[in-house]
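K.L.:
Residue numbers for the sequence shown follow this note's numbering, so the first one is 2 and each next one is one higher. The C-beta atom is built at its ideal place from N, Cα and C for all residues, glycine as well. Bear in mind the structure is a predicted one, so any value in this text is a computation, not a measurement.
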Amino acid sequence: MSLQNYFREHDAVLDPLGARVAAIPLDPFIYNQKLVDEINYFAKAYFQLVEFVTQNYDQFRDILRYEDNLDKLLLDCPDYPNNVVLARSDIFLSKKGIKMVETNCDSPGGNEESYHLEKIFATYFPNAINGAKTEHRIDNALEALMISYQQQKQQKGLTDIKDKPRIALIEWEEDIKRIKGELDVFINEARKRGYDCDLITPQSIEFRNNEAYNDNRPIDLIYRRIVLQSLPSHMPDGYDFARRLNDCKTAVVNPLSSKKGSSKQIMVLLTDEIFQDRFPDDLSESLDIVRKVIPKTKSLKFLGEQSEFLKEVQRNRTEYVLKEANSYSSMGVFIGADLTQDEWDFRMKQSLGKDFVVQEKIDLPSMRINMYDQRNHRQISEDLIYNINPYIFLGKFAGFYFRASQDNLTSFKRGLKATVLPCFQQN
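1) Would you check if there are 3 or more beta carbon pairs closer than 8 Å linking the region 279–291 to the region 112–123?
2) For the candidate residues 201, 397, 237, 229, whose alpha-carbon lies nearest to that of residue 78?
3) Would you list, in sequence order, the uninterrupted alpha helix (DSSP H) runs of no fewer than 4 residues that lie entirely inside the region 344–394?
4) For my contact list, residue 363 and residue 93 are in at a C-beta cut-off of 8 Å; report their separation, rounded to the angstrom.
5) Hey, which unbroken runs of the beta strand (DSSP E) at 3 residues or more fall wholly within the region 92–147?
6) Is the region 184–193 touching the region 243–256, taking contact as three or more C-beta pairs under 8 Å?
7) I think residue 21 touches residue 15, with their Cβ atoms under 8 Å apart; what is that distance to the nearest whole Å?
8) Pick out whichever of 396, 107, 404 has its Cα sitting closest to the Cα of residue 45.
9) From this set, 179, 276, 343, 153, which residue's C-alpha is nearest residue 258's C-alpha?
10) So that I know if they touch, is there some Cβ in chain C lying closer than 9 Å to that of residue 46?
11) Please classify residue 302: does DSSP put it in a helix, a strand, or coil?
12) For the beta strand (DSSP E) containing residue 51, list its first residue and its last residue.
13) So what's residue 85 in DSSP terms, helix, strand or just coil?
14) From what residue to what residue does the beta strand (DSSP E) around residue 252 run?
15) Using the three-state DSSP reduction, which class does residue 338 fall into: helix, strand or coil?
16) Determine the burial state of residue 324: buried for a count of at least 16 other Cβ atoms within 10 Å of its Cβ, exposed for fewer.
17) How many Å lie between residue 428 and residue 119 at the Cα?
So this is what it looks like as structure tokens:
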């Protein structure tokens with residue numbers, strides 16, 4: 002089978018507009034059960050703590066400190082046995098073991114992208130994976146969706162729980178145009194498993210009889226692909242729309258309450274020992290576990306200009322990373338080593354007293370990766386910074402999202418080499 006066919010199958014789903022920055026991978030990421038066990042050990046502890054924070058949001062909102070309108074919405078959001086159903090952690094394989102620098106508990110993407118990559122890579126490069134297996138990504142996601150759907154229906158006192166509920170993925174129109182191929186992967190696989198599954202925009206939803214409707218049909222389960230804080234910029238009544246979702250019979254996954262655990266300030270709560278007494282004694286072991294994995298993180302909300310810690314951070318910028326606490330993707334992240342001293346001082350001054358955190362910088366791993374540059378039509382080999390980004394569904398490992406880039410943020414900026422690798426587990 003020719004490489005050209007592999008490239009065509011890749012682009013048909015992941016690059017239909019010819020605008021994708023990530024190059025086409027020619028290498029896989031092969032991992033073992035030991036790494037999975039290590040991820041699960043951390044994830045169990047981390048999400049016990051995150052769930053505790055989300056279930057007791059009023060006790061932690063002084064630290065999380067979302068903007069007022071979002072904070073009011075989160076106070077009204079119902080809690081479920083699992084507020085965080087689908088998550089993805091940014092994890093690096095450092096010289097000191099796995100290091101988690103942040104986690105997306107709101108609306109993690111990329112799972113379908115990896116599913117498609119693994120499917121076609123295994124077809125065209127069977128010798129490269131040598132019998133290694135893939136995660137059942139779509140089945141893992143559907144299982145988590147169904148468990149949360151049942152939890153929400155039961156908590157609302159509803160008995161009309163369906164084995165195969167109608168699922169509607171919601172995404173903004175501009176993003177549908179960009180990643181429709183990925184979203185169609187989930188939709189097509191869900192339909193193969195007997196689900197009525199569609200892709201719609203939030204604006205197309207109406208409410209009848211306390212239930213969400215689209216195309217004159219009720220929706221049983223909304224699979225939320227939008228981040229919660231994007232609502233006000235896309236809909237004039239964005240947070241009112243969110244409240245109607247909360248109040249209606251239709252289940253939403255992730256539940257809107259998952260946002261309570263998405264701020265990077267949560268890493269301040271978990272790594273700064275001054276907040277130890279906010280957690281019950283039976284979570285002390287979980288705190289010990291996550292503190293070995295999460296770099297120490299401090300909030301700039303409460304630091305004064307004369308703080309000794311602030312002076313330390315300004316003197317040693319190469320040892321720290323500045324992050325906006327409620328930005329997503331790699332926006333609002335500044336690595337001290339990538340800035341001049343004047344630039345760092347300016348960023349720190351602008352961030353002091355605001356919703357920013359400072360985190361200890363970790364050693365960034367790199368590896369040589371072979372790729373196909375579809376823009377210049379040539380194979381290339383580059384040393385790239387990488388992270389492995391495990392999906393955690395209901396607190397358990399559900400596959401990796403391997404991202405690599407010349408950028409220290411492993412972001413996909415135009416002009417830089419970057420890729421996403423398919424992931425396979427050794428038998």
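P.N.:
By the coordinates alone:
1) Remark: fewer than three beta-carbon pairs, one from each stretch, lie closer than 8 Å, so the region 279–291 and the region 112–123 are not flagged as touching.
2) Checked all of 201, 397, 237, 229; the closest Cα to residue 78 is 229.
3) Within the region 344–394, not a single complete alpha helix (DSSP H) segment reaches 4 residues in length.
4) Confirmed, about 6 Å.
5) Correct list: 98–105.
6) No, the region 184–193 does not touch the region 243–256.
7) Confirmed, Cβ separation roughly 6 Å.
8) For residue 45, the nearest C-alpha among the options comes from 396.
9) Minimum Cα distance to residue 258 is reached at 153.
10) The structure shown has no chain C; it contains just one protein chain.
11) Three-state DSSP puts residue 302 in coil, outside helix and strand.
12) Where residue 51 is concerned, there is no enclosing beta strand (DSSP E), although the alpha helix (DSSP H) it sits in stretches over 34–56.
13) Note: residue 85 maps to coil in three-state DSSP.
14) Segment 252–254, the beta strand (DSSP E) holding residue 252.
15) The three-state reading of DSSP puts residue 338 in helix, counting H, G and I together.
16) Counting Cβ neighbours within 10 Å, residue 324 comes out buried, since at least 16 surround it.
17) Looking at the two C-alpha atoms, the distance is approximately 16 Å.
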